[in-house]
Amino acid sequence: MKKLMFILAMAFFMVGMVACDIIEEPYFKENNGGGNQPGEEPTVKKYVLLEDYTGVKCVNCPAAGELALQLQEQYHHQVVVLSVHAGDLAEFPLFDLTTTEGDEWWKFLAFQQNPTGAINRKMVNGGYAYDTPMWADAVAEVLQEEAALEMTPSIQYNETTRELKVDIKSKFIAELPDTYSLTVCIMEDSLVGIQQTPEGIVKDYVHRHVFRGTMNGTWGENINTTAIAPNDEIVKSYTTTLNEAYNADQCYIIAYVANSDTKEVLQVTEKKIK
Amino acid sequence: MKRFLLSAALFLCSTGLFAQSINESQVNGSFQIDGQYYKVDEAIGITKESIDGKQFGTNGFGKINYSLGNFTAGLRYEAYLPPMSGFDTRLQGCGIANYYASYDNGTIAVTLGDIYDQFGNGFIFRTYEEWALGFDNSLRGMRVIYRPAAGVTLKAVYGKQRFYWSSYAATEKRGIVRGIDGEWDLNQSFSALNDTKFRASLGGSFVSKYQKNTNTTYNIPENVGAFDGRLNLGYGRFAFTTEYAYKINDPSAFNNYTYHEGQAILSSLSYSQKGFGVIVQVKRVDNMSFKSDYQGVKNDLDINFIPPINYTHTHSLPAIYSYATQPLGEMAMQLQVNYTIPKNTIIGGKYGTKVTLDFSQVNDIKRNYIIGEGQSQPTHISGHNGTLGYTSPFFAVGDRKFYHDFNIELERRLNKKWKLIAQYINLYYDMETIENHPGAETVKANIGFVDVTYRISSKQSIRFELQHLWDNINKNNTAEASIAEDHKDVYKKRGNWAAALVEYSIAPKWFVSVADKYNYGNPIADNRDHYYTASVGYIKESTRITLTGGRQSEGMVCVGGVCRVVPASSGVSLSITTSF
Chain A
8 MKKLMFILAM AFFMVGMVAC DIIEEPYFKE NNGGGNQPGE EPTVKKYVLL
58 EDYTGVKCVN CPAAGELALQ LQEQYHHQVV VLSVHAGDLA EFPLFDLTTT
108 EGDEWWKFLA FQQNPTGAIN RKMVNGGYAY DTPMWADAVA EVLQEEAALE
158 MTPSIQYNET TRELKVDIKS KFIAELPDTY SLTVCIMEDS LVGIQQTPEG
208 IVKDYVHRHV FRGTMNGTWG ENINTTAIAP NDEIVKSYTT TLNEAYNADQ
258 CYIIAYVANS DTKEVLQVTE KKIK
Chain B
79 MKRFLLSAAL FLCSTGLFAQ SINESQVNGS FQIDGQYYKV DEAIGITKES
129 IDGKQFGTNG FGKINYSLGN FTAGLRYEAY LPPMSGFDTR LQGCGIANYY
179 ASYDNGTIAV TLGDIYDQFG NGFIFRTYEE WALGFDNSLR GMRVIYRPAA
229 GVTLKAVYGK QRFYWSSYAA TEKRGIVRGI DGEWDLNQSF SALNDTKFRA
279 SLGGSFVSKY QKNTNTTYNI PENVGAFDGR LNLGYGRFAF TTEYAYKIND
329 PSAFNNYTYH EGQAILSSLS YSQKGFGVIV QVKRVDNMSF KSDYQGVKND
379 LDINFIPPIN YTHTHSLPAI YSYATQPLGE MAMQLQVNYT IPKNTIIGGK
429 YGTKVTLDFS QVNDIKRNYI IGEGQSQPTH ISGHNGTLGY TSPFFAVGDR
479 KFYHDFNIEL ERRLNKKWKL IAQYINLYYD METIENHPGA ETVKANIGFV
529 DVTYRISSKQ SIRFELQHLW DNINKNNTAE ASIAEDHKDV YKKRGNWAAA
579 LVEYSIAPKW FVSVADKYNY GNPIADNRDH YYTASVGYIK ESTRITLTGG
629 RQSEGMVCVG GVCRVVPASS GVSLSITTSF
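Here the protein sequences line up with chains A and B, keeping their order.
Under this note's numbering, residues 8 to 281 are what the first sequence spells out, in order.
Under this note's numbering, residues 79 to 658 are what the second sequence spells out, in order.
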């Protein structure tokens with residue numbers, strides 16, 4: 008009886024195991040752009056925030072930045088990229104792109120090295136860190152989710168006074184039980200400066216998607232005190248004077264709504280200031 | 079009344095049985111607590127910001143096993159609150175990390191819960207726990223072992239691997255591991271063989287992982303199988319072992335989504351007799367990272383283990399540059415000769431002299447890169463993933479050398495009071511590959527040490543160590559001014575080192591030691607630091623308490639070729655271990 012049991016158990020294992028999936032070319036899947044099935048037009052598109060934690064002294068960071076850019080193009084800007092200069096390899100007083108908020112995010116996310124990514128600040132393997140090889144999968148996965156809200160930014164910018172007013176309308180689709188926060192960031196694109204690369208130091212490196220700071224604190228502002236119902240609309244406004252050092256022609260607003268406790272980002276939007 | 083008497087009789091019987099069971103059962107276990115207080119020490123780069131409020135790190139575990147007849151059960155509790163510096167921060171937390179229950183009647187054994195096991199050398203399956211690394215890839219599931227005849231062992235395992243404190247729920251994306259292994263020891267099966275000098279055993283395994291493909295970019299195989307065969311032969315003083323493993327396409331983040339097959343082989347030939355032994359080993363590894371999550375990186379969720387064939391250095395300076403196994407490709411060899419020069423000879427002296435000579439070298443495998451469809455450059459240059467990657471001639475050795483270690487060690491008792499160990503090491507260490515520091519200059523070092531023990535009395539002894547490491551960087555006159563500001567990280571432990579240690583022991587309970595390592599030849603003046611420590615230890619039966627204060631230099635801790643980076647630190651550490 009024991010022998011029979013064992014043989015049965017072995018047979019069970021063998022059946023389970025002989026399924027070896029040998030993959031023939033093509034190795035790539037046909038990509039539909041993510042998010043929805045072909046032919047199906049979503050009412051509200053899901054966007055994903057890819058934070059690329061980078062540093063000017065980080066030799067591997069240009070490749071990560073390139074990957075972020077590729078993903079942004081692959082998904083037709085449904086991937087919103089924010090390059091946050093933080094960590095030891097970002098410290099370079101002669102060309103300092105670090106920010107107080109970025110440093111606080113780095114600490115909270117418990118990152119230890121550059122380049123590291125955060126994908127909608129979703130937890131993975133007990134932490135927030137996504138190494139670059141994981142970005143493509145993680146982004147694709149988030150884009151399969153349904154959007155919980157639609158965000159509509161409107162911007163007024165006075166070129167003379169450099170006064171910037173941003174209104175963000177958040178219209179919710181799903182019922183949401185927790186507390187959520189809205190964070191509005193300023194991002195400057197295509198900033199030229201020094202960068203370590205595998206080929207050595209490049210002095211006129213074009214830094215993409217550089218996070219410059221937030222308009223409403225490190226963790227933004229809570230936008231609800233009671234549960235959110237479908238069709239609820241919340242509008243928030245913020246003003247600031249754009250720093251003289253920033254090139255307004257290259258500045259963008261990136262705003263996102265996140266769970267205040269878990270920090271997971273639900274939706275993100277991006278709009279050029281001018 | 080009758081019912082009462084019956085109940086009372088049953089109670090007495092059952093308590094008697096219970097008491098008997100208690101008497102026959104055994105409980106054993108062990109505990110360990112390692113804690114460190116970190117203090118600011120700006121001279122070696124430890125700032126308030128780098129400590130970040132985590133002034134204490136504590137790693138602790140307790141393991142308890144219970145056995146009664148054929149039944150055993152146990153659990154292991156762990157607490158990392160927070161983890162000590164250099165351990166993965168995902169370890170933070172506490173709870174029962176492992177538990178198991180097992181029944182073994184000699185013919186059949188069943189284990190439920192967390193399983194530690196390995197097939198052969200571990201090429202396609204090894205689950206183990208290594209406290210020094212914070213590593214645990216145990217398999218939570220089931221194992222059945224069946225021994226149908228003398229010398230024959232069949233095993234089957236399946237389950238999901240531990241990943242820090244992640245849950246084992248079905249929603250967790252990491253894969254399921256299933257394996258089967260058979261081993262046949264011919265000497266146990268055929269007793270007539272025991273009258274000869276011939277020994278033989280053979281084995282084979284098959285392991286498969288299943289992970290749902292959620293990847294939208296690549297066609298990831300959901301079932302990845304790996305096969306392994308091994309043979310051990312012995313005749314008299316000779317022994318020959320060989321093991322070969324093959325893995326089907328297993329694209330992963332670790333191998334840049336290469337669909338190339340995986341292969342590994344390790345062969346070893348040895349001869350030993352009293353006072354003399356020689357072993358030659360050769361190994362080839364090609365794309366043999368095997369993880370239960372195709373998105374895993376570093377040492378995450380390893381299903382297998384690639385054994386290193388390098389000398390393991392225990393003294394502090396040679397251990398600075400320990401070799402970490404490269405699962406994506408290695409051609410390695412090792413030759414070790416041990417000889418004891420007989421006692422009462424001119425060279426061997428009154429007590430004899432042990433001589434150990436070891437040479438090991440690891441190169442990359444040779445790769446002929448494939449230019450994919452629609453690509454103008456080979457994959458490794460264009461950075462495009464998702465191809466067959468390369469072809470690799472099985473016996474060809476790659477041009478790039480990762481590591482070599484030639485060392486010769488002498489161990490000799492000079493007289494009743496003095497004992498001497500001396501070693502010379504010539505080391506080649508491709509820092510760029512082994513530590514993943516792009517642009518780092520290769521270490522070519524010569525290291526020497528003497529380790530002398532003087533026995534003061536039957537209980538007291540004093541031990542001295544003097545070590546020196548000569549780094550080629552000093553020979554090359556690498557100047558600080560020539561090192562780019564943003565490249566200084568890779569020079570933290572470079573340059574010449576000197577080290578000394580004095581240890582006083584009062585057997586069997588006490589030892590006190592003071593030591594200093596001095597990186598006096600570092601090309602960067604700020605890095606020329608002393609790393610001094612003082613330790614006191616107390617041992618009573620199976621309990622050991624060690625208190626250490628001082629500085630820890632940046633380095634790597636490697637066990638079996640699996641390594642973790644240890645950052646520099648300063649402070650006081652306490653370690654308590656006990657078992658019962």
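Ideal placement from N, C-alpha and C gives every residue a C-beta, glycine not left out.
CB of residue i within 8 angstroms of CB of residue j, strictly
{"i": "Glu170/A", "j": "Cys258/A", "result": "no"}
{"i": "Ile193/A", "j": "Arg215/A", "result": "no"}
{"i": "Thr185/B", "j": "Asp195/B", "result": "no"}
{"i": "Tyr399/B", "j": "Leu505/B", "result": "yes"}
{"i": "Gly526/B", "j": "Asn552/B", "result": "no"}
{"i": "Pro140/A", "j": "Val356/B", "result": "no"}
{"i": "Ala323/B", "j": "Gln351/B", "result": "no"}
{"i": "Tyr507/B", "j": "Ile540/B", "result": "no"}
{"i": "Leu406/B", "j": "Asn365/B", "result": "yes"}
{"i": "Thr465/B", "j": "Ile448/B", "result": "yes"}
{"i": "Gln289/B", "j": "Tyr372/B", "result": "yes"}
{"i": "Gln404/B", "j": "Ile387/B", "result": "no"}
{"i": "Val302/B", "j": "Lys325/B", "result": "yes"}
{"i": "Ala402/B", "j": "Gln439/B", "result": "no"}
{"i": "Tyr144/B", "j": "Thr150/B", "result": "yes"}
{"i": "Val173/A", "j": "Val149/A", "result": "no"}
{"i": "Tyr429/B", "j": "Arg362/B", "result": "no"}
Chain A contact for residue i (CB, 8 angstroms cutoff)
{"i": "Pro601/B", "result": "no"}
{"i": "Phe241/B", "result": "yes"}
{"i": "Pro516/B", "result": "yes"}
{"i": "Glu510/B", "result": "no"}
{"i": "Gln455/B", "result": "Unreliable placement is indicated for Gln455/B, whose pLDDT of 49 sits below 50; the coordinate value is still reported in the next sentence. Cβ-Cβ to chain A under 8 angstroms: no for Gln455/B."}
{"i": "Ile326/B", "result": "yes"}
{"i": "Glu300/B", "result": "yes"}
is_contact[residue i, chain B] using C-beta, thresh 8 angstroms
{"i": "Ile126/A", "result": "no"}
{"i": "Trp113/A", "result": "no"}
{"i": "Asn250/A", "result": "no"}
{"i": "Ala265/A", "result": "no"}
{"i": "Pro205/A", "result": "yes"}
{"i": "Asn254/A", "result": "no"}
{"i": "Gly42/A", "result": "With a pLDDT of only 41 at Gly42/A, under the threshold of 50, the placement of this residue in the model should not be trusted; the figure read from the coordinates follows. Gly42/A does not count as touching chain B."}
{"i": "Pro45/A", "result": "Low local confidence applies: a pLDDT of 36 at Pro45/A is under 50, so the model's placement there is unreliable, with the coordinate-based value given in what follows. Closer than 8 angstroms: no."}
{"i": "Asn132/A", "result": "yes"}
{"i": "Asp211/A", "result": "no"}
Supposed contact pair residue j and residue i - C-beta distance, whole angstroms, cut 8 angstroms
{"i": "Ser647/B", "j": "Thr626/B", "result": "11 angstroms between Cβ atoms; not a contact."}
{"i": "Ala518/B", "j": "Glu543/B", "result": "With 8 angstroms as the limit, Ala518/B and Glu543/B do not qualify as a contact, their Cβ atoms being about 28 angstroms apart."}
{"i": "Ile193/B", "j": "Gly237/B", "result": "6 angstroms"}
{"i": "Asp483/B", "j": "Ala523/B", "result": "With 8 angstroms as the limit, Asp483/B and Ala523/B do not qualify as a contact, their Cβ atoms being about 10 angstroms apart."}
Chain-ordered chain B contacts of residue i [CB-CB under 9 angstroms]
{"i": "Asp138/A", "result": "Ala331, Gln373, Val375 and Lys376"}
Chain-ordered neighbours of residue i on chain A, where CB pairs are closer than 9 angstroms
{"i": "Asp130/B", "result": "Lys114"}
Residue i CB to nearest heavy atom of the ligand HEM below 7 angstroms
{"i": "Thr168/A", "result": "In terms of ligand content, the structure shown is empty, and the ligand HEM therefore cannot be addressed."}
Proximal chain B residues relative to residue i, where beta-carbon distance stays under 8 angstroms
{"i": "Ala117/A", "result": "Thr167"}
{"i": "Met222/A", "result": "Correct list: empty, because the minimum Cβ distance to chain B is about 26 angstroms."}
{"i": "Tyr34/A", "result": "Tyr296, Asn297, Pro329, Tyr335, Tyr337, Gly464 and Thr465"}
{"i": "Asn67/A", "result": "Pro516"}
{"i": "Asp103/A", "result": "Neighbours of Asp103/A on chain B: none; closest Cβ ~14 angstroms, over 8 angstroms."}
Own chain residues within Cβ distance below 8 angstroms of residue i, not counting five before or after
{"i": "Gln187/A", "result": "Going by the sequence as given, residue 187/A is Tyr instead of Gln. Excluding sequence neighbours, Tyr187/A sits near Asn229, Ile230, Asn231, Ile235, Val264, Ala265, Asn266, Ser267 and Leu273."}
{"i": "Trp588/B", "result": "Val614, Gly615, Tyr616 and Ile617"}
Neighbourhood of residue i by C-beta distance below 6 angstroms, restricted to the same chain and skipping five residues each side
{"i": "Phe354/B", "result": "Tyr417"}
{"i": "Val222/B", "result": "Val188 and Ala234"}
Cβ neighbours of residue i in the same chain (closer than 7 angstroms, five flanking residues each side left out)
{"i": "Lys444/B", "result": "Ser470, Pro471, Ala474, Val475 and Gly476"}
Residue i: contacting residues in chain A (beta-carbon distance under 7 angstroms)
{"i": "Thr136/B", "result": "None at all; the shortest Cβ gap to chain A is about 17 angstroms."}
{"i": "Ala157/B", "result": "Under the 7 angstroms cutoff, chain A gives no residues; its nearest Cβ is about 16 angstroms from Ala157/B."}
{"i": "Ala342/B", "result": "Those within 7 angstroms of Ala342/B in chain A number zero; the least Cβ separation is about 17 angstroms."}
{"i": "Ala562/B", "result": "Ile208"}
Partner residues on chain B for residue i, Cβ-Cβ distance less than 7 angstroms
{"i": "Glu148/A", "result": "Thr292"}
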